[in-house]
Amino acid sequence: MGWRLALRPYLLIVPALLLTCGILYPFGLGLYYTLFDFSASKPQPDMVRFENYATVFTQEAFWNSAWVTVLYAVGAAAVETVLGVAVALLLHRSSLVGRILEKILILPLMIAPVIAAIMWKLMLQPSVGVVNHLLKPFGLGGVQWTDTPTGALLSSIAVDVWVYTPFVAILALAGLRSLPTSPFEAAAVDGAGWWYTFRRLTLPMLWPYVLVAVIFRFMDSLKVFDIIYALTEGGPGDSTVVLQIRAYLEAIRFQRYSFGISYTIVLWAVVYLAAMVLVRHLGRIQRRAAEVVK
Amino acid sequence: MRVRKRLSGLLADAALILYFVFALFPIAWMVILSLKPTNQLFSTYFSFSPTLDGYRAVLGGSEGVPFVRFFVNSLVVSVGAVALSLAVGLPAAYASARWRFKGSDNLMFTLLSFRFAPELTVIIPLFVLYQKLGLFDTYVGMVWVLQLVTLPLIVWIMRSYFADLTPELEQAALLDGYSRKQAFFKVALPLVRPGIAAVSLLAFIFAWNNFVFPLILTSNEAQTVTVGALSFLGGDRPKYNLTAAAALVSVVPPLLLALTIQRYLVRGLSFGAVKS
Amino acid sequence: MSVALRGVRKAYGRNVALDGLELEVREGEFFCLLGPSGAGKTTTLKTVAGLERPDAGTVEIDGRDMSGVEPYDRGVAMCFESYALYPHRSAYDNLASPLRSPRHRLPAAEARERVGAIAELLGISALLDRPVGALSNGQRQRVALGRVLVRPASAFLLDEPLSHLDAKLRQQMRAELKAIGAARRTTTLYVTHDAVEALALGDRIGVIRDGRIVQTGTREEIWYRPHDTEVARAFGRPRINLLPGTVAPGGVFRTADGQVEVPLPAPVRENTEVLIGVRPRDLALDGRGHELTGTVYVTEVLGRAVEVTVRLGESHVSLVAPRAAAAGLRPDDPVRLTLRPENLLLFEADRPERPGRRIGKSAR
Numbered sequence: 031m032g033w034r035l036a037l038r039p040y041l042l043i044v045p046a047l048l049l050t051c052g053i054l055y056p057f058g059l060g061l062y063y064t065l066f067d068f069s070a071s072k073p074q075p076d077m078v079r080f081e082n083y084a085t086v087f088t089q090e091a092f093w094n095s096a097w098v099t100v101l102y103a104v105g106a107a108a109v110e111t112v113l114g115v116a117v118a119l120l121l122h123r124s125s126l127v128g129r130i131l132e133k134i135l136i137l138p139l140m141i142a143p144v145i146a147a148i149m150w151k152l153m154l155q156p157s158v159g160v161v162n163h164l165l166k167p168f169g170l171g172g173v174q175w176t177d178t179p180t181g182a183l184l185s186s187i188a189v190d191v192w193v194y195t196p197f198v199a200i201l202a203l204a205g206l207r208s209l210p211t212s213p214f215e216a217a218a219v220d221g222a223g224w225w226y227t228f229r230r231l232t233l234p235m236l237w238p239y240v241l242v243a244v245i246f247r248f249m250d251s252l253k254v255f256d257i258i259y260a261l262t263e264g265g266p267g268d269s270t271v272v273l274q275i276r277a278y279l280e281a282i283r284f285q286r287y288s289f290g291i292s293y294t295i296v297l298w299a300v301v302y303l304a305a306m307v308l309v310r311h312l313g314r315i316q317r318r319a320a321e322v323v324k
Numbered sequence: 050m051r052v053r054k055r056l057s058g059l060l061a062d063a064a065l066i067l068y069f070v071f072a073l074f075p076i077a078w079m080v081i082l083s084l085k086p087t088n089q090l091f092s093t094y095f096s097f098s099p100t101l102d103g104y105r106a107v108l109g110g111s112e113g114v115p116f117v118r119f120f121v122n123s124l125v126v127s128v129g130a131v132a133l134s135l136a137v138g139l140p141a142a143y144a145s146a147r148w149r150f151k152g153s154d155n156l157m158f159t160l161l162s163f164r165f166a167p168e169l170t171v172i173i174p175l176f177v178l179y180q181k182l183g184l185f186d187t188y189v190g191m192v193w194v195l196q197l198v199t200l201p202l203i204v205w206i207m208r209s210y211f212a213d214l215t216p217e218l219e220q221a222a223l224l225d226g227y228s229r230k231q232a233f234f235k236v237a238l239p240l241v242r243p244g245i246a247a248v249s250l251l252a253f254i255f256a257w258n259n260f261v262f263p264l265i266l267t268s269n270e271a272q273t274v275t276v277g278a279l280s281f282l283g284g285d286r287p288k289y290n291l292t293a294a295a296a297l298v299s300v301v302p303p304l305l306l307a308l309t310i311q312r313y314l315v316r317g318l319s320f321g322a323v324k325s
Numbered sequence: 196m197s198v199a200l201r202g203v204r205k206a207y208g209r210n211v212a213l214d215g216l217e218l219e220v221r222e223g224e225f226f227c228l229l230g231p232s233g234a235g236k237t238t239t240l241k242t243v244a245g246l247e248r249p250d251a252g253t254v255e256i257d258g259r260d261m262s263g264v265e266p267y268d269r270g271v272a273m274c275f276e277s278y279a280l281y282p283h284r285s286a287y288d289n290l291a292s293p294l295r296s297p298r299h300r301l302p303a304a305e306a307r308e309r310v311g312a313i314a315e316l317l318g319i320s321a322l323l324d325r326p327v328g329a330l331s332n333g334q335r336q337r338v339a340l341g342r343v344l345v346r347p348a349s350a351f352l353l354d355e356p357l358s359h360l361d362a363k364l365r366q367q368m369r370a371e372l373k374a375i376g377a378a379r380r381t382t383t384l385y386v387t388h389d390a391v392e393a394l395a396l397g398d399r400i401g402v403i404r405d406g407r408i409v410q411t412g413t414r415e416e417i418w419y420r421p422h423d424t425e426v427a428r429a430f431g432r433p434r435i436n437l438l439p440g441t442v443a444p445g446g447v448f449r450t451a452d453g454q455v456e457v458p459l460p461a462p463v464r465e466n467t468e469v470l471i472g473v474r475p476r477d478l479a480l481d482g483r484g485h486e487l488t489g490t491v492y493v494t495e496v497l498g499r500a501v502e503v504t505v506r507l508g509e510s511h512v513s514l515v516a517p518r519a520a521a522a523g524l525r526p527d528d529p530v531r532l533t534l535r536p537e538n539l540l541l542f543e544a545d546r547p548e549r550p551g552r553r554i555g556k557s558a559r
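Chains as they are written, first to last, in my numbering: chain A, 31 to 324; chain B, 50 to 325; chain C, 196 to 559.
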């Protein structure tokens, strides 16, 4: 009778395991396809082993995409972090204004990134958009936001920032609220100024929470697709073709399936690597922060 | 000293309001744009005579875009995905919280790693596979692939909710004479009900907001509202006011749900983050 | 129905909770298991209930091996230290829960009668409709106890049910428990860390330490024939007096400084390191017996009696005397004590790995 009891937890996870295997199968299949030259024009592909990957790494388009992706991820994560922490600090002061606004902090995050990109696309549109109209008195109207390479990249980052800053802010706010009050009270009694308190106390203690948010945002932005697709479709030219857009173009537009998947595998490796590096970094920062508090 | 504090307080409030203007302005602008009649689209910015024609056009299927069908598709597919994830994920979360065994750790790790893989890695093979299996452009195909988004979320969060329950309550039920299955349904499940509600709504929002899966794996029948919103932008005469109306309509369910579960969102957002 | 644990071993990772536990509770007996926190008391109860499976050894209920028998088939009822009441239900639902389970499946009318009777017995009839969260600590404890009493059980397992109550309530509940125990005659295994409670309630008492049973016995056996110094120290307030010394030639106990000399009632090998134990109530300021002289160190009034601490050379002993006898005693007053050698307990010296065992004939 005992063996039946031991079996029970396994029975409970069997459906989840089956589902997970069902999802893992296409992953494995994709990996398998990259070893061939499978495309719509070649439904009976030959095995080409690692040729696809070699082509990826020697293509200028790849390095261009990689560069754009990194720029995008770093830019978006950096701005979101600074802005998110700032908003969290402002909300933490708990004024009447803050408490009302906190209730609607989450809204941009709940809007589908693709819809947000559409919204911004309409706002930045030269003929109908409102942004240029509002900037005219400042002499900045007339900028073609999505028609220049720099402008397109900046606009995309702006959409990412708009959607995901609340993510950082909410995590940072939760972190701020969970910090112990006694170090701050001691500092106030000692007459420490705001900047000093922030640099020596708040920031080190808050850093672990913020870094978690940053890591997640950085890794998600490396995989960006929705925003770029809706806003610029990779244009103008190739200036905003991030890695996952490139994969889409190769696989779905040009129907070179194997080649497209190879791009995604490389991207996956990049994200995984970034995770490893950043998590190790996180461990070090957390240990340093713990020492500071002591 | 007091004056300085008052001043810095006002500045802080002003900065906060500035951020929220930035955050809410696009939505406000969409409302304005969606109410603009087509003939006034390019002539004025803020002064216009508002009309509901845009919404009537979108919901009435103008331009040959069956927007209402897209909306229903989003609903069906999101609810279906969450339902399947609950049915499969709740037992797994419970088992993983109550018993420690090798399979559960591996399962957790695999589910977490789903979050880090690029979606296209799985979509491109599925694009090929679905056409062979006849799942392309179907509800079943979409519900299945959305598990990639909803299942990890539900399992991770419900696991922590179940782990928070002291096992003694279920033990008391066992000694009262209930079987383990009955103890789960009568004691454990009711106590995590708020957690289930919150995580279901959050998972629904993520499923609803998904773009890349329906973009590639659906065409006319099962297309969702996130893809459909782009339909009015094509061609030489993009209909900006219709696009704005479509965008707003598609954003209503997630926003309403978000306002409902606002309090529980911190736990959902940090899922996996702090633990890993 | 009798309950027995034979050679039960249970470990959680590297932490060994039960280490070859041997325990027998006879049918109808009210057995108190006494031990400090971490001794393995709760684990013992959960193993009997079937909520934990032993790594080795067997659990028997009424002589039948319970390996592989699920908790809901064992017919035991347990009152958890944390009460474990269903928070989303009313007091009535908590009490009725066992009666509604598939094991008992009582029709609603009969269940209502039973619950009413138990609620009456425990004085919580007025609280039945209240949600559990609206009850005070003491009321919740009574609902937890009621949930145990409401159904027929082969054994009751009570895990420190009174430990979270305030002193007055605890005394009241102790008396009620004793009354219920006397009336019900259900085999009961009662776990506590309070020696006074164990002595008051138990037909037999077991002392548990580090996952093993040190001694089981009746009140008298535990009191007059403790297994070792730790068991002797656990019972009795003020604590038993333990004096280290050696056995001098002639069967006389002598402390290191030679100030205390007591003839030993039974022959013991000479030159062994020993401890003698004297309970405070076995020392008197008057009366007959072996005399010891010393000076008063301090006195403390305990109501109608007084605790007097006396300096005997380098050692201190406490005794409890009636107030009249101790009246007028001031610190540094010379004082004369008498003790009867037959009340002496003799122990081996305490060792670092275990306390000193009692020397003398014992029935375990």
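Even glycine gets a Cβ: it sits at the ideal position worked out from N, Cα and C.
Enclosing beta strand (DSSP E) for residue i [first to last residue]
i	result
V448/C	A small fix is needed here, since residue 448/C is Phe in this sequence, not Val. From DSSP, the beta strand (DSSP E) with F448/C extends over 447-450.
L258/A	In the sequence as presented, Leu is not what sits at residue 258/A; that position holds Ile. First-last for I258/A: 256-261, but that is the alpha helix (DSSP H), not the beta strand (DSSP E).
V254/C	251-256
M77/A	Looking at the DSSP string, M77/A is not in any beta strand (DSSP E), and its letter there is neither H nor E.
L360/C	First-last for L360/C: undefined, no H or E at that position.
T271/C	Going by the sequence as given, residue 271/C is Val instead of Thr. It spans 271-274 - the beta strand (DSSP E) in which V271/C sits, taken as one unbroken run.
F95/B	Segment: none, F95/B is in no beta strand (DSSP E) and carries neither H nor E.
F542/C	540-543
Integer Cβ distance of residue i from residue j, believed to fall under 8 angstroms
i	j	result
S197/C	G258/C	7 angstroms
L290/C	A272/C	The pair is not a contact, with the Cβ atoms about 12 angstroms apart (cut-off 8 angstroms).
L200/C	T238/C	With 8 angstroms as the limit, L200/C and T238/C do not qualify as a contact, their Cβ atoms being about 11 angstroms apart.
L216/C	H388/C	Actually they are not in contact, since the Cβ atoms of L216/C and H388/C sit about 17 angstroms apart, beyond 8 angstroms.
M207/B	L139/B	6 angstroms
F255/A	Y287/A	Contact doesn't hold; Cβ gap of about 17 angstroms is too wide.
G252/C	R204/C	6 angstroms
N290/B	V198/B	Actually they do not touch by this definition, with Cβ atoms about 31 angstroms apart.
For residue i, the first and last residue of its enclosing alpha helix (DSSP H)
i	result
G105/A	90-122
M332/C	Before going on, a small fix: residue 332/C reads as Asn here, not Met. It spans 332-344 - the alpha helix (DSSP H) in which N332/C sits, taken as one unbroken run.
Q220/B	216-225
P439/C	Looking at the DSSP string, P439/C is not in any alpha helix (DSSP H); the run it does join, the beta strand (DSSP E), is 436-443.
P302/B	289-310
M249/A	233-252
T64/A	Unbroken run through T64/A: none, as it is neither H nor E.
M140/A	137-140
V127/A	126-132
I206/B	188-213
Bridge partner(s) assigned by DSSP for residue i
i	result
V385/C	The sequence given here has Tyr at residue 385/C, not Val. Answer is C227/C, L353/C, bridged to Y385/C.
N210/C	Y207/C
F255/B	According to DSSP, F255/B bridges with nothing at all.
E219/C	A199/C
*Could you give the uninterrupted runs of the alpha helix (DSSP H) lying entirely in the region 491-537 of chain C, keeping only those of 4 residues or more?*
518-521
*Segment contact, 8 angstroms Cβ cut-off, at least three pairs: the region 55-69 of chain A with the region 280-297 of chain A*: yes
_I'd like the ranges of any alpha helix (DSSP H) spanning at least 4 consecutive residues and lying wholly in the region 276-319 of chain C._
Entirely contained in the region 276-319 of chain C, the alpha helix (DSSP H) runs reaching 4 residues are, in chain order, 286-295, 303-317.
*Counting only runs that start and end within the region 446-488 of chain C, where is the beta strand (DSSP E) found for 3 or more residues in a row?*
447-450, 456-458, 468-473
*Between the region 212-220 of chain A and the region 123-138 of chain A, do three or more beta carbon pairs fall short of 8 angstroms?*
No, because fewer than three Cβ pairs between the region 212-220 of chain A and the region 123-138 of chain A fall closer than 8 angstroms, the two stretches do not touch.
*4 or more residues per run - each alpha helix (DSSP H) lying fully within the region 383-419 of chain C*: 390-396, 414-419
*Is there contact between the region 297-308 of chain C and the region 217-235 of chain B, where contact requires at least three CB pairs shorter than 8 angstroms?*
yes
*asked:* Taking 8 angstroms as the cut-off, does the region 354-362 of chain C touch the region 373-392 of chain C (at least 3 CB pairs, one atom from each stretch)?
replied: yes
_Three CB pairs or more closer than 8 angstroms across the region 529-549 of chain C and the region 422-429 of chain C_ = yes
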